[in-house]
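In the numbering used here, the protein residues as written are 2 to 385. Glycine is no exception: its CB is placed at the ideal position from the N, C-alpha and C atoms. For reference, the structure is listed below as structure tokens.
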Ligand SMILES: Cc1cc2nc3c(=O)[nH]c(=O)nc-3n(C[C@H](O)[C@H](O)[C@H](O)COP(=O)(O)O)c2cc1C
């Protein structure tokens, strides 16, 4: 999944803190706690989140791997403290696994007679740390002129219309940030919040879909030469690690699968001194390699499993069928999932950039990136 960059996280949902390490970032990149905070704030927001997000105010502290505000090339170490961590170790034993969660599989796998250790680690609380680590990667990409923008395209079966074709990252981010559900279309956004209210009243939860667009990537990240170097596979594996993510779509893969072959490709044309594609059905990837078009990846999320309406399950103490217990929960997490997708894709893209352009010093990486862009084919404009 990652080849040059590595990361690890540890910590439980209600433990004292989450810890994370990001290893392989180049030296000399200016990086401060504040560079991580915008994405952490966005991950906590969104209409349909539960009480937990009102308790936590996530702030990641960089505690290793920087010197005088710049990365040193050493592993970046980060901490996020949990506020709601009181009495977490003395919590009552839970013997009733919740359907849709890792509870049953985790208890069977590790031989627990208590679901708490599974609940605590399988919780999506862990994605706060991955968002912080990924925000550092996105920060590096932003310094290279790359923008990662994810927004919500569906919640509970309500689908947003396609974005206007002339919109760039600034328009999308402005429209998204004005919406309580990170959806760029105001009418759809209102319908989505109404759908969330309705689901909450019905004691149900909702799923949905996010779309990530990455601008200004050079052609040539990833490779077709070996399966584990394909960027499409690396992105898909990373994005499917988001809890509740169940399907990935690259470009217009789903609608394209019903079309005739000639309509489903992006023809190659000349514009000015360079190459131009009138369409981007492939979503910026051909043969597992970026092709210079915006990268477009959609992630589909199942309705989250915990809801106020208890689901049938079995008490593992006595084997009796029972109703699951309600544990404080969100209704819809799709807006938060969009931010997590940006952060995780950021790490995959930095990994691919380090592989292609070198990984010791940020200044070297920047120069190599620039030189590569300059030597891409350019032709006489009069002959286009
Ligand atoms: C940001 C975020 C918050 C989540 N919050 C909840 C929640 O409050 N309640 C819940 O049941 N599931 C929640 N989930 C989903 C579960 O963590 C996930 O469905 C569960 O761990 C089982 O994993 P799976 O759905 O990937 O198989 C959340 C997911 C994300 C990405």
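| Asked | Found |
| --- | --- |
| State yes or no: is the C-beta of residue 245 within less than 7 Å of the C-beta of residue 302? | yes |
| Leaving out the 5 sequence neighbours to the left and right, which residues in its chain are closer than 7 Å to residue 74 when beta-carbon positions are compared? | 27, 28 and 361 |
| Do the region 56-65 and the region 95-103 meet, that is, are 3 or more Cβ pairs less than 8 Å apart? | no |
| Is the number of C-beta pairs between the region 294-312 and the region 194-213 that are closer than 8 Å three or more? | yes |
| Tell me, which residues are paired with residue 272 by DSSP? | 275 |
| Does ligand 1 have a heavy atom nearer than 6 Å to the CB of residue 14? | no |
| State the CB to CB distance for the pair residue 386 and residue 134, rounded to an integer number of angstroms; the pair is presumed to be in contact (CB under 8 Å). | Residue 386 is absent from the structure shown; the chain starts at 2 and stops at 385. |
| Pull the bridge partners of residue 9 from the DSSP assignment, please. | 22 |
| Give a yes or no on whether the C-beta atoms belonging to residue 5 and residue 365 are separated by under 7 Å. | no |
| Using the Cα positions of residue 178 and residue 45, report the straight-line distance between them to the nearest angstrom. | 13 Å |
| Report the residue from 50, 84, 42 and 38 whose alpha carbon sits nearest the alpha carbon of residue 63. | 38 |
| Hey, could you find the ends of the beta strand (DSSP E) residue 324 is sitting in? | 322-324 |
| Measuring alpha carbon to alpha carbon, tell me which residue in 263, 2, 144 and 240 is nearest residue 151. | 240 |
| Can you tell which of 217, 94, 346 and 237 has its C-alpha closest to the C-alpha of residue 292? | 217 |
| Beta carbon of residue 104: closer than 6 Å to some heavy atom of ligand 1? | no |
| Between the region 343-356 and the region 183-197, are three or more C-beta pairs nearer than 8 Å? | no |
| In terms of DSSP beta bridges, what is residue 82 paired with? | 18 |
| Going by CA-CA distance only, name the one from 290, 77, 12 and 238 that's closest to residue 300. | 238 |
| Label residue 379 either buried or exposed according to how many other C-beta atoms from any shown protein chain fall within 10 Å of its C-beta, with 16 as the threshold for buried. | exposed |
| Which of the three DSSP states, helix, strand or coil, is assigned to residue 211? | strand |
| Starting from the C-beta of residue 289, find all residues in its chain whose C-beta is less than 6 Å away, skip the five residues before and the five after it, and write them out in chain order. | 223, 225, 231, 232 and 233 |
| Excluding the five sequence neighbours on either side, which residues of its own chain have a C-beta within less than 8 Å of the C-beta of residue 383, listed in chain order? | none |
| Rounded C-beta distance between residue 34 and residue 136? I'm assuming under 8 Å. | Actually they do not touch by this definition, with Cβ atoms about 10 Å apart. |
| On the criterion of 16 or more Cβ atoms from any shown chain inside 10 Å, does residue 321 qualify as buried, or is it exposed? | exposed |
| If contacts are defined as beta-carbon pairs under 8 Å, then residue 314 and residue 97 qualify, I think. What distance do you get, rounded to the angstrom? | 6 Å |
| Whole alpha helix (DSSP H) runs in the region 235-307 with 4 or more residues, listed along the chain? | 254-257 and 262-265 |
| Can you look up residue 77 in the DSSP assignment and give me helix, strand or coil? | strand |
| Please list, in chain order, all residues of the same chain as residue 15 whose beta carbon is under 7 Å from its beta carbon, the five residues on each side excluded. | 83, 85, 86, 89 and 121 |
| Assuming the contact rule is C-beta atoms closer than 8 Å, residue 47 and residue 337 should be a hit. Round their C-beta distance to whole Å, please. | 5 Å |
| Cα separation between residue 243 and residue 312? | 23 Å |
| When every heavy atom of ligand 1 is checked, does at least one fall within less than 6 Å of the C-beta of residue 334? | yes |
| Among 159, 174, 220 and 282, which one has its Cα closest to the Cα of residue 200? | 159 |
| Out of 212, 126, 272 and 9, which one is the CA nearest neighbour of residue 164? | 212 |
| State buried or exposed for residue 331, treating a residue as buried only when at least 16 other CB atoms are found within 10 Å of its CB. | buried |
| Return the Cβ separation of residue 276 and residue 132 in integer angstroms, given the expectation that the two are a contact with Cβ distance under 8 Å. | Rounded, the Cβ-Cβ distance is 35 Å, inconsistent with contact. |
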